[in-house]
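**Student:** For the protein sequence lines, the chains are A and B, in the order given.
Counted from 1, the first sequence has number 82 at position 83 by numbering that gives the first Met the number 0; the numbering is strictly sequential.
Counted from 1, the second sequence has number 1025 at position 1026 by numbering that gives the first Met the number 0; the numbering is strictly sequential.
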Amino acid sequence: MELIESKFALDPNSDEWDLSSLFEIGQLSATLLLESSQLSNRSLLKHQSPAFMSRTHCEEYTLEVRASVPCGVDMEFLFENGDGWNIESATFQSTILAPGELDALGSSRFSRHPDLATLVWTSKEALAKALGDAMEYDPRRLLSPAAWNDQPPVGWHADYLEVQVSSDRKLAIWVVLRTSQP
Amino acid sequence: MSLIEGSPGSDQSTLLEIFMDTARKHPNAKAIESDHSSLTYRQLSRIARRIATKLNRRGIGAGDRVSIQVETGSARLYESVLGVIFSGAAYVPIDHADSESRTETIKETAKVSAHITNAGIEFLIRAGKRKSAPRPSDDAWVIFTSGSTGKPKAVAVAHSSAANLVQAERGLFCQSQPLGPNDRVAASLSPAFDASVEEMWLAWASGATLVLLKRETLMSGPDLAKELRSRKISAFSTVPSIARYLADQDLAELRLLILGGEAVSETLVAALAKPHLELWNTYGPTEATVIATATLLAPDRPISIGFPLQGVTVAVVNANDDLVPLGEIGELVIAGVGLGRYLDDSLDSERFRGIPRLGFGRCYRTGDQVRVTPAGHEFVGRIDDQVKVAGKRIELLEIEQVALSTSGVIESAAVARKTESGDSEVHCFVVVATEFEAERLQNTFRENIAAGVEPIIHEVNSFPLRSSGKVDKALLLAAVDEQLSIVRGNNFIEQQFRRVLGGAAVTPNSNFFKCGGTSARAAQLVMYLRARYESVTVLDIYKFSTPLELEVELEKRTRVPQTEAPVDSRSSLPGWPKSLLAIAVHLAVGMALGVVLTTFRGVDEESFFSIATICVLVLCLMAGAGRAVAAGLIVRLLTFDIKPGTYRRNGFIHLKIWLAERLVDLFNLVELSGTPWMSIYATLTGSKISKSCSIESLPPVLGNLSLGENSSIGRDVHMAGWNLRGKQLIVDGFEIGSNVRIGNRTFLCEGVEISSNCEVETGTLVNRNLEDGYYSGSPIQQGQKNYWPQGQAVGSASWRAAFAFAPTLLAVGTALQFLFPLIIFEVQGGSTNLDSYGYFLVTWSWILAPGAQIMGALFTAMQIRIASAQIQTGFSPAFGKVGFASWVVERSIAKSRRQYFWLYASIITPLWLRLLGAQVSRGGEISTLNGQVGNWIIGASSFIADDASIAPRELKGGWLKIQGTSLGRRVFVGNSAHIASGTDVEDGVLIGVASSVPRAMLANSSFLGLPPLEFPRQARSGSQERTFSPTLGLKARRSIIEIFRLMPSILNLALTGMLVALVFAPRWTGVNESGLFTAIIFALSYVLASYSAVAAVVIAKWTLVGRVKKSEHELWSGFVWRNELVWNFVESTLIPWVGWILTETQIQNLIFRMMGAKVGRNVSISTWYLDDPDLISIGDNTVIMKSADIQTHLFHDRIMQLDQVTIESNCSVGSGSFLLPGSTLQHGCSVAAGSLLPRGETTPRNSNLLGNPVSVVAWS
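#1: Do residue 292(B) and residue 278(B) have their CB atoms nearer than 9 Å?
#2: For the structure I just gave you, are there three or more beta carbon pairs, one from the segment 867–874 of chain B and one from the segment 893–902 of chain B, closer than 8 Å?
#3: Which residues mark the beginning and the end of the beta strand (DSSP E) in which residue 910(B) is found?
#4: Residues of chain A with CB closer than 9 Å to the CB of residue 536(B), please, in chain order.
#5: Hey, could you find the ends of the beta strand (DSSP E) residue 68(B) is sitting in?
#6: Does residue 186(A) come within less than 9 Å of chain B when only Cβ atoms are used?
#7: Quick one: Cα of residue 178(A) to Cα of residue 726(B), how far?
#8: Residues of chain B with CB under 8 Å from residue 170(A), in chain order?
#9: Mind checking if residue 1013(B) is an interface residue toward chain A, Cβ cutoff 9 Å exclusive?
#10: Rounded C-beta distance between residue 1277(B) and residue 1120(B)? I'm assuming under 8 Å.
#11: Using a Cβ distance threshold of 8 Å, determine whether the segment 137–146 of chain B contacts the segment 83–94 of chain B, with at least three qualifying pairs required.
#12: Would a check of beta-carbon distances place residue 52(A) closer than 9 Å to chain B?
#13: Does DSSP classify residue 467(B) as helix, strand or coil?
#14: For residue 630(B), collect the residues of the same chain with a Cβ closer than 7 Å to its Cβ; drop the 5 residues on either side in sequence, then sort them by chain order.
#15: In the DSSP assignment, find the unbroken beta strand (DSSP E) run with residue 225(A) in it and report its ends.
#16: Closest to residue 848(B) by CA distance: which of 529(B), 1048(B) and 1251(B) is it?
#17: So for residue 1018(B), helix, strand or coil by DSSP?
#18: Could you tell me the alpha carbon to alpha carbon distance between residue 956(B) and residue 693(B), rounded to whole angstroms?
#19: Got a sec: is the Cβ-Cβ distance from residue 1004(B) to anything in chain A below 9 Å?
#20: Name the DSSP bridge partner or partners of residue 160(B)?
#21: Is DSSP giving residue 734(B) helix, strand or coil here?
#22: Should residue 1221(B) be flagged as near chain A, meaning a C-beta pair shorter than 9 Å?
#23: Along the chain, where does the beta strand (DSSP E) containing residue 168(A) start, and where does it finish?
#24: Would you please state the rounded distance, in angstroms, between the beta carbons of residue 129(A) and residue 141(A)? I believe it to be under 8 Å.
#25: Restricting to Cα atoms, I'd like to know which of 297(B), 1233(B), 520(B) and 1227(B) is closest to residue 1258(B).
#26: What's the C-alpha gap between residue 242(B) and residue 1167(B)?
#27: So is residue 150(A) in contact with chain B if we call contact Cβ pairs under 9 Å?
#28: Could you tell me whether the Cβ atoms of residue 524(B) and residue 516(B) are closer together than 9 Å?
#29: Smallest Cα separation from residue 749(B): which of 743(B), 756(B) and 765(B)?
#30: Does DSSP put residue 33(B) in a helix, a strand or coil?
#31: By a C-beta neighbour count over all protein chains shown, 10 Å radius and 16 as the cutoff for buried, is residue 1101(B) buried or exposed?
#32: Select from the segment 1228–1248 of chain B all residues with a C-beta closer than 7 Å to any C-beta belonging to chain A, and list them in chain order.
#33: Using the Cα positions of residue 443(B) and residue 403(B), report the straight-line distance between them to the nearest angstrom.
#34: I'd like the list of long-range same chain contacts for residue 83(B), defined as Cβ closer than 6 Å, with 5 residues on each side in sequence excluded.
#35: Along the alpha helix (DSSP H) that carries residue 653(B), what are the first and last residues, could you check?
#36: Spatial neighbours of residue 121(A) within its chain, please: CB distance less than 7 Å, with the 5 preceding and 5 following residues excluded, ordered by chain position.
Right, dumping it as structure tokens:
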């Protein structure tokens, strides 16, 4: 399964969007719902199978994914992070990147993305959530799904989506799934 | 009514009389103990008297005051306090951290006559000699508290009040068994804090020891309990915010815990309560001599501040000084013997104004609101604005006045705020003019306010006002809560919080995530923090989410303690004496061998059977009893006088320990593991080994192991009982309870105690004391216990006896290697001269050595197969047939790894394992390993790297557990990885170096660390032909190269033959019939032969692989095979000839340099596992402990990836730790035992690293 990169603008008249079709993950029984609402812990996907769930918040947006396999989702606004937040920064490299990851990113399909740093971070967070306890993982030891290219680790799948939520704001969303059942 | 009188007090005594009474009764009891020294009561009296004499000679005595500003935690502080009391004067404590201006203010206000500092006594008056003991009415101390005028208030306390307090406490605490010389009272408080008085006199009034703790220890949180345990503290007085660190901790020695200074919560009482612990709550202002009321605390009792002490009367009054009805709230007023006085007379008459109708000529209005309940006085709150911050009382008015004294401040208002952690913090709001500078105001606070209580500054445009016109402080507080307009100075961490959180208000206790922090912002924060704190990680922000918590943690990481301080080569001892000693011992062993051989020189004219007799004698020496007793006695002689403590690296004690360990290696005692001889050896060295124990690893040569009944210590457990840290050698023992299981390859740090019934899993780093439970991992964590059968397993006496003979049984294989050439020699009709036997060995070594090796290996295989056949899976008694058979299997495999190394990491290894009984599918690539080989199923194309542990036997409480294990297809098992018995490893799973694998896993998953964490990884793809599917041609080429793996054994035999020929040569017989000369010649030749072996290995290395560089090679390539061949020379020639004696010497460093490594000056290396030396760089003064593995290559995906490992100067690498390719340990780092630095990582300088994989942790 290939990594996909999608760009999508939301319907401003709605406050709930079913994004699952964009990720082409229907065959894995995954459903993804983005809601523009106050942060809450209530389940967005009330009628879905409760097998595996992951949730992320970004300001007023909540995104939830449920799947029949372990999954992780994370989102961040693009181009809104502070100074030094770029892949060329030595501090970013020593704080976030795994050894050898910079080279892998250089040859990835995202290498020219203007906010690659946010992509890298968000994908690592999504991967850590899919692995179980995100708190256990030091980002410097996880290879970002953004650096997987067309060769994800056996048994893993990652999707990336950019969503235009308003005229000047864009969300970077990563969904990471295990393709094999425990 | 609300007036309660304590029992009658006494006002006729002094502190000096109390101390002298104690010193008379217990002159030799310890009065003070610091980290490095202690003083008895007699010694302390002498020192105090000396100080008093100096003061008296300058005219200072009763009625005078002497200020003391000496570092808290130093013995000098307490000597000075007592010295001033001896002189008759009153002491005036000043916090060591107080500013110069505050110090001057105190000295001036108290009109001190002398000032004592670390530098000595500064006399401020000149007068004639006088000597005067204090009278009860003389002042004992003057302590300064916060004052409403901006100036601190001086409170003087007379000896009569102080003595009353001391006597009251004696009658209050531990009545059933009063404190005495066996008790140890912690002293940790600044003398400027009046509770320090309680610490001192709890000890000195009872003959107990005052144990000095460092202030950072007090603030160290979780480590406080450890410190109290290790210092065996039995009485401790502290504030509840610190006592919370002791909640649910095992503090068996602590029998008195006194709380005070802050409100106590029921939750805390419940968590602290223990049957053996007396828990007290105390209350009192400085003005009433530290404590006025007290009560016992218990979980089922309401919290109160209790009832008055002896000599104290308290009343609860309303604003008109009338007593309030019982149960109603009013101000607490204190009267009686305990009252102090203000040095400022006008203030004194105002604040100590009496209430004649209550019979109080003088009394102190506390400003505290209380009500009387049946359980005692209940504290309700403060009447005025006086608050306690960091244990110090401060008035908000004082803060405001200090602020107003600063240029640019127009108005100020101070408010106190309770933080989420329960502490108080002061916020000072200021309305400012244009010339205002926040930094100047901060400096003003720093100079005028007691250290640690400076307020947080907020600039506002105007103050909210109430209808009365007064500032509405409630609204200001709300503003703090809403985090508006906060500008707090230049605290670096808070600045970075604000920078990331977009200017949000941040206080020291602001939680990052509650202030809008997200994970991405946490990552940004870490980036910014790295400008100052190189070690901070994103996980730290989750663990320490407030600026204060983060600062405490990060500061602890950056403060390298003295014990860890980088070695200064000028101050450390040189390593060359160890090298000289190594050469001497090497020669001595050669002499001993020479003497034995020349003793039998006469038999060369007799028959072959006489020679066989020699062999039988040698076999007896190889048996367990001889080795255990001889080694035990010699080691005891060397180490019996070494006590726990800190010594110098390379000092005399270090040399003795080093020599003892070399002798243990010489006697090859590891072969006695698991037999009764190991327990006997351990007992002879001084360890306390209870019955029915099983010790499968080398016990400490220091004899400092205590092992309870039925406990078992697994294979390759590190328990040296000593460690090198920086320039220091630390020695401490182990206490292990009964029925404990210590799994294989566990690392026991010196000084740990493990309670009965604990189970410690394989590979665990035990760096703290353990209570009953199951533990695993590095860092250690608690988990669910494994199932073990109940009750004691019944072993058989005959099988126990079998273990005693087992070493001899294992020695037979070794003996066969000697016998084989002898038999051939006899069969081919060799001469009866032994020198001709030597020549025979040299001439025919090329065929004899392989023959002997193959015979020995086949015999070992037969032993293992026979033993494996007896083994049933499941639980069985450790001392039974299955126990014995499984022991034979693992010991024989371990032995074969040393003696027949050519069988491992070779194309024939799968065949060898099949011969031993394992089911190994095609395409396996296997190095060295151990475990119950008969129960292994190894899937096709699996890769098992060096020293893997697969399904080993496990012992607990006399029970043995054995279960089968299977590895799926293409499984990769990293170096020293562990696979527990009963685990089925799925296809394609990768287990990292020194890692484990969970019981349940998905196919193709990758695990790293202990406990294992999954890390998805991208598989590398190399040529199939050179990785998984080699052609016949490649197999043939590899086989040809691997034939040369027998070269080391040929070389060894040839060298041995040369030595035999030499010692039995007729020309020596003619020169000196006594044989002594021959023995000397033999010794020199033996050492020469050893170094010739080294030279051969160095030549082999450079010939076979040249200089190794960072590169990649597929498994089926010439470089990989030749590189393995080099390692074969190291394992089979270098280590057997010199490994046992040159470990940790400068000669070893020279050998590594000759093999291509960069090794700096004064480096200490206790391991030979430096793969690919060309890729290793070790800086000056670095220490690498036993079994540490500097790993310069990995074989993931069957591609050998070589990379540099750099260890900079002044680093310490703990026992059994791993540094993986591409890693760099920067200057001054310390890696704990059993830890792993992952591939490609570079550590921050001067960091303390622990765990598998490592994290930076605070220096302890």
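Note that beta-carbon positions come from the ideal geometry of N, C-alpha and C, so glycine has one too.
None of the values given here were measured: they were computed from a predicted structure.
**Tutor:** According to the data block:
#1: Translated into positions along the second sequence, residue 292(B) becomes position 293. Translated into positions along the second sequence, residue 278(B) becomes position 279. Result no, Cβ atoms of residue 292(B) and residue 278(B) do not sit closer than 9 Å.
#2: no
#3: Within the second sequence, the letter at position 911 stands for residue 910(B). Note, residue 910(B): premise wrong, no beta strand (DSSP E); alpha helix (DSSP H) at 908–915.
#4: For this step, residue 536(B) is matched to residue 537 along the second sequence. Per Cβ cutoff of 9 Å: 94, 137, 138 and 139.
#5: Taking the first residue of the second sequence as 1, we reach residue 68(B) at position 69. Looking at the DSSP string, the run of the beta strand (DSSP E) that includes residue 68(B) is 64–68.
#6: Nothing can be reported for residue 186(A): it is not among the residues displayed for chain A, which extend from 0 to 181.
#7: For the purposes of this step, residue 178(A) is taken as the residue at position 179 of the first sequence. For the purposes of this step, residue 726(B) is taken as the residue at position 727 of the second sequence. Taking the straight line joining both Cα atoms gives about 53 Å.
#8: Translated into the one-based positions of the first sequence, residue 170(A) becomes position 171. Chain B residues near residue 170(A): none, gap ~12 Å exceeds 8 Å.
#9: Within the second sequence, residue 1013(B) is the residue found at index 1014, counting from 1. So, interface residue.
#10: Given that chain B is displayed from residue 0 to residue 1259, the structure contains no residue 1277(B) and the question cannot be resolved.
#11: yes
#12: Within the first sequence, numbered from 1, the residue matching residue 52(A) stands at position 53. Cβ-Cβ to chain B under 9 Å: no for residue 52(A).
#13: As a working note, residue 467(B) is residue 468 in the second sequence. Residue placement at residue 467(B) is flagged as unreliable, the pLDDT there being 43, under the threshold of 50; the coordinate-derived value follows with that caveat. Residue 467(B) falls in the coil class under three-state DSSP.
#14: In the second sequence, the residue the question calls residue 630(B) occupies position 631. So the list reads 662, 663, 666, 668 and 680, once near-sequence residues are dropped.
#15: Outside the shown range of chain A, which is 0 to 181, sits residue 225(A), and nothing can be said about it.
#16: If you number the second sequence from 1, residue 848(B) lands on position 849. Answer by Cα proximity: 1048(B).
#17: What you label residue 1018(B) is simply residue 1019 of the second sequence in a count that begins at 1. Residue 1018(B): coil per DSSP, three-state reduction.
#18: In the second sequence, residue 956(B) corresponds to position 957, counting from 1. In the second sequence, residue 693(B) corresponds to position 694, counting from 1. Using only the alpha carbons, I get a separation of about 10 Å.
#19: Here residue 1004(B) is taken as the residue at index 1005 of the second sequence, counted from 1. Yes, contact with chain A.
#20: Counting from 1 along the second sequence, the entry for residue 160(B) is found at position 161. DSSP output for residue 160(B) lists no bridge partner at all.
#21: Stepping through the second sequence from its first residue, residue 734(B) is reached at position 735. If DSSP states are grouped into helix, strand and coil, residue 734(B) belongs with the strands.
#22: If you number the second sequence from 1, residue 1221(B) lands on position 1222. Cβ-Cβ to chain A under 9 Å: yes for residue 1221(B).
#23: Your numbering for residue 168(A) matches position 169 in the first sequence. That run of the beta strand (DSSP E) goes 168–177.
#24: Here residue 129(A) refers to the residue found at position 130 of the first sequence. Here residue 141(A) refers to the residue found at position 142 of the first sequence. With a Cβ gap of about 11 Å, residue 129(A) and residue 141(A) do not count as contacting.
#25: The residue you call residue 1258(B) lines up with position 1259 of the second sequence. Out of 297(B), 1233(B), 520(B) and 1227(B), 1227(B) has the C-alpha closest to the C-alpha of residue 1258(B).
#26: By one-based count along the second sequence, residue 242(B) stands at place 243. By one-based count along the second sequence, residue 1167(B) stands at place 1168. Straight-line Cα distance between these residues: approximately 47 Å.
#27: The residue you call residue 150(A) lines up with position 151 of the first sequence. Yes, its Cβ sits closer than 9 Å to a Cβ of chain B.
#28: Taking the second sequence and counting its residues from 1, one reaches residue 524(B) at position 525. Taking the second sequence and counting its residues from 1, one reaches residue 516(B) at position 517. Yes, they are a contact pair.
#29: Here the question's residue 749(B) lines up with position 750 in the second sequence. Here the closest residue by C-alpha is 765(B).
#30: Position 34 of the second sequence, counted from the first residue, corresponds to residue 33(B). Three-state result, residue 33(B): coil.
#31: Taking the first residue of the second sequence as position 1, residue 1101(B) is located at position 1102. It counts as exposed.
#32: 1237, 1238, 1239 and 1240
#33: Walking along the second sequence from the start, residue 443(B) turns up at place 444. Walking along the second sequence from the start, residue 403(B) turns up at place 404. Roughly 10 Å between the two C-alpha positions.
#34: As a working mapping, residue 83(B) is identified with position 84 in the second sequence. For residue 83(B), where only same-chain residues beyond five positions count, the Cβ hits under 6 Å are 65 and 90.
#35: Counting from one through the second sequence, the residue named residue 653(B) turns up at place 654. Where residue 653(B) is concerned, the enclosing alpha helix (DSSP H) stretches over 651–665.
#36: For the purposes of this step, residue 121(A) is taken as residue 122 along the first sequence, with counting starting at 1. Taken in chain order, the residues that qualify are 73, 74, 75, 171 and 173.
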